[in-house]
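Peer 1: Sending over a structure as structure tokens; questions will come in a sec.
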Amino acid sequence: AAGLLLVHTTESATYPWTTVLSGWTGPQVRLETPPGSLVVAGWLQRDVAGRLFQQGEKNLDELAKAAARPGFRGVPLGVRLRGTVRSAIRRSETANVLGRLPGRGPLAREAVLIGGHYDHFGIGAAVDGDSIYNGAEDNASGTAAVLTAAEAFIRSGVRTARSLVFAGFAAEESGLIGSQALADDPVIPLRDIAAILNLDVVNLYGRTRDVSALGLDQSSLGQAFAQAAGAEGLQVTENEEALLQGSYFRSDHFPLARVGIPGTSIERGSEFVGRPAGWGKQQEDEYVAKRYHQPSDEILPWFTYDGAMQQLRVTVRTALLIGNAPGQPNWNRTSEFREAGEKRRAGGTW
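So this is what it looks like as structure tokens:
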């Protein structure tokens, strides 16, 4: 395809149109040599797309249902659009930030990554007079968690057989660019990266009875995670909504999974101590509707960090288990990443 236009609905995107505006207006960031780049990429509001299909004597809803069935083939819309875009290219540099805590013994050449993206949107379009896009939850919280994990290992003196690499990924909000750059040009051979534990939005809402993660059904990482959670007295719950929304494919573990590295993004639980059932979901919905990718994503007076520490302890315990295991985690037989994993372990290139 030469181009791609996504039809936005809050349900399918999992966020409102205001989130699209904050991410797709103003300067756009791309890797200098992106593979297979589209000439045109963008979004259409649902009602605008519907009118466009009507001009081609097509029904958007009917075609969307047909496209969800196996064997669907695209149909010409019969509509031509003409537009002009004036753009200027400015080259700039950013960097992933990585720190390595050496392992002990013959497995020290291998590594477990603990990472999270440190970027947000900076200064942008003003909303209610505020133009500073703080990114407190997304993802200053995850960045702080990665740094705290590194500090915990250093202060405790605990060392794992495999090295631990703590990563701050750049330009996640521009399309997972930092983690994609690491996957394309790894500083550690891909076959030696055992796993990636990603922290993208950490629990600032309070203690929970459970903890969750994306992609637990993809690899044997799920077993290590369950053991780590159990050691903290936490149940492992699956976020079915995130599964249906394809959330596994939307953060910095994903580019590494595509080249065969087992990965998960560790997330807050939903059963909050001292709160009624459904309270966590209400807070999540309010965040997405009002603060996600907005200037209002800032530290709020009622935030607390004990839930973040639960989440972080599970992350550290998982890293300990993987770091000291005799072998690396494996993709499950049903995982779409299994073939890439086998190729990675064989030393293949992409």
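Going from the sequence shown to this note's numbering is simple: count from 1 and add 1123.
Idealized CB from N, CA, C, for every residue including glycine.
By a C-beta neighbour count over all protein chains shown, 10 Å radius and 16 as the cutoff for buried, is T1331 buried or exposed?
Peer 2: By the neighbour-count rule (16 or more Cβ atoms within 10 Å), T1331 is buried.
Peer 1: Count the other CB atoms, across all protein chains shown, that sit within 10 Å of the CB of T1472; report buried if there are 16 or more and exposed otherwise.
Peer 2: The pLDDT assigned to T1472 is 45, lower than 50, so where the model puts this residue is not dependable, and the model offers no usable value.
Peer 1: What does a CB cutoff of less than 8 Å around T1132 pick up in its chain, not counting 5 residues either side in sequence?
Peer 2: R1169
Peer 1: Would you list the one or two residues that DSSP bridges to F1292?
Peer 2: As DSSP reads the structure, F1292 sits in a beta bridge with H1240.
Peer 1: For T1472, name the three-state secondary structure that DSSP assigns.
Peer 2: Since pLDDT at T1472 reaches only 45, below the 50 mark, its modelled position is unreliable, and no value is offered.
Peer 1: Distance, Cα to Cα, E1409 vs P1424?
Peer 2: 16 Å
Peer 1: Since L1221 and F1276 should fall inside the 8 Å C-beta cutoff, what is the C-beta to C-beta distance between them, to a whole number of angstroms?
Peer 2: For L1221 against F1276, the beta-carbon gap comes to about 15 Å, at or over 8 Å, which does not count as contact.
Peer 1: Enumerate in chain order the residues of its own chain whose CB-to-CB distance from S1286 is below 6 Å, with the five nearest sequence positions on each side excluded.
Peer 2: R1223, P1225, G1226, A1231, A1234
Peer 1: Spatial neighbours of H1556 within its chain, please: CB distance less than 6 Å, with the 5 preceding and 5 following residues excluded, ordered by chain position.
Peer 2: With the chain covering 1124 to 1473 only, the question about residue 1556 has no answer from this structure.
Peer 1: Apart from the five residues just before and just after Q1303, which ones in its own chain have a Cβ nearer than 8 Å to its Cβ?
Peer 2: L1154, P1378
Peer 1: Go to Y1410, then tell me how far its alpha helix (DSSP H) extends in each direction, as first and last residue.
Peer 2: 1402 to 1413
Peer 1: Given that a residue counts as buried once 16 or more other Cβ atoms are within 10 Å of its Cβ, and exposed if not, what is D1251?
Peer 2: exposed
Peer 1: For the alpha helix (DSSP H) that A1431 lies in, which residues bound it at each end?
Peer 2: 1429 to 1447
Peer 1: Taking the alpha-carbon of N1257 as reference, which of F1426, S1419, D1340 has the nearest alpha-carbon?
Peer 2: S1419
Peer 1: Does DSSP put N1182 in a helix, a strand or coil?
Peer 2: coil
Peer 1: Is it true that the CB of S1342 sits closer than 8 Å to the CB of W1454?
Peer 2: Between W1454 and S1342, the CB-CB gap stays under 8 Å.
Peer 1: By Cβ distance, which residues of its chain are closer than 7 Å to R1314, with the 5 residues on each side in sequence left out?
Peer 2: R1467, R1468, G1470
Peer 1: Might you give, ordered along the chain, the residues of its own chain that have their beta carbon closer than 7 Å to the beta carbon of G1351, omitting 5 neighbours on each side?
Peer 2: The question names Gly, but residue 1351 in the sequence shown is Ala. So the qualifying residues of the chain are V1437, R1440, T1441, L1444.
Peer 1: Please confirm whether any heavy atom of the ligand ADP lies closer than 7 Å to the CB of M1432.
Peer 2: Of the ligands one can find in the structure shown there are none, so the ligand ADP has no counterpart to examine.
Peer 1: Bridge partners of V1334, per DSSP?
Peer 2: V1359, R1391
Peer 1: What first and last residue would you give for the alpha helix (DSSP H) that runs through L1128?
Peer 2: It is not in any alpha helix (DSSP H) - L1128 instead sits in the beta strand (DSSP E) that spans 1126 to 1131.
Peer 1: Rounded to whole angstroms, what's the CA-CA distance from E1462 to R1381? Just pull it up for me.
Peer 2: Going from the Cα of E1462 to the Cα of R1381 covers about 10 Å.
Peer 1: Grab me the residues of A1347's own chain with a C-beta within less than 6 Å of its C-beta, minus the 5 sequence neighbours each way, in chain order.
Peer 2: T1441, L1444, I1445
Peer 1: For Q1451, count the other beta carbons within 10 Å of its own beta carbon; 16 or more makes it buried, fewer makes it exposed. Which is it?
Peer 2: Classification for Q1451: buried.
Peer 1: Going by alpha carbons, who is nearest to A1136 out of A1211, Q1368, H1243, N1219?
Peer 2: Answer by Cα proximity: Q1368.
Peer 1: Taking the alpha-carbon positions, what's the F1195 to A1189 distance?
Peer 2: Distance between the alpha carbons of F1195 and A1189: 6 Å.
Peer 1: Label S1335 either buried or exposed according to how many other C-beta atoms from any shown protein chain fall within 10 Å of its C-beta, with 16 as the threshold for buried.
Peer 2: buried
Peer 1: Go ahead and pull the three-state DSSP assignment for L1161.
Peer 2: coil
Peer 1: Specify the secondary structure class of D1315 as computed by DSSP and reduced to three states.
Peer 2: Residue state, collapsed to three classes: helix.
Peer 1: Measure from the alpha carbon of V1269 to the alpha carbon of each residue in F1244, I1246, E1260, I1237, then state which is nearest.
Peer 2: I1237
Peer 1: Under 8 Å by Cβ, that's how I've got A1272 and F1292 pegged, so tell me the actual separation to the nearest angstrom.
Peer 2: Contact flag wrong, Cβ pair sits at about 15 Å.
Peer 1: Is D1340 closer than 8 Å to S1374 when the C-beta atoms are compared?
Peer 2: At a Cβ-Cβ threshold of 8 Å, S1374 and D1340 do not count as neighbours.
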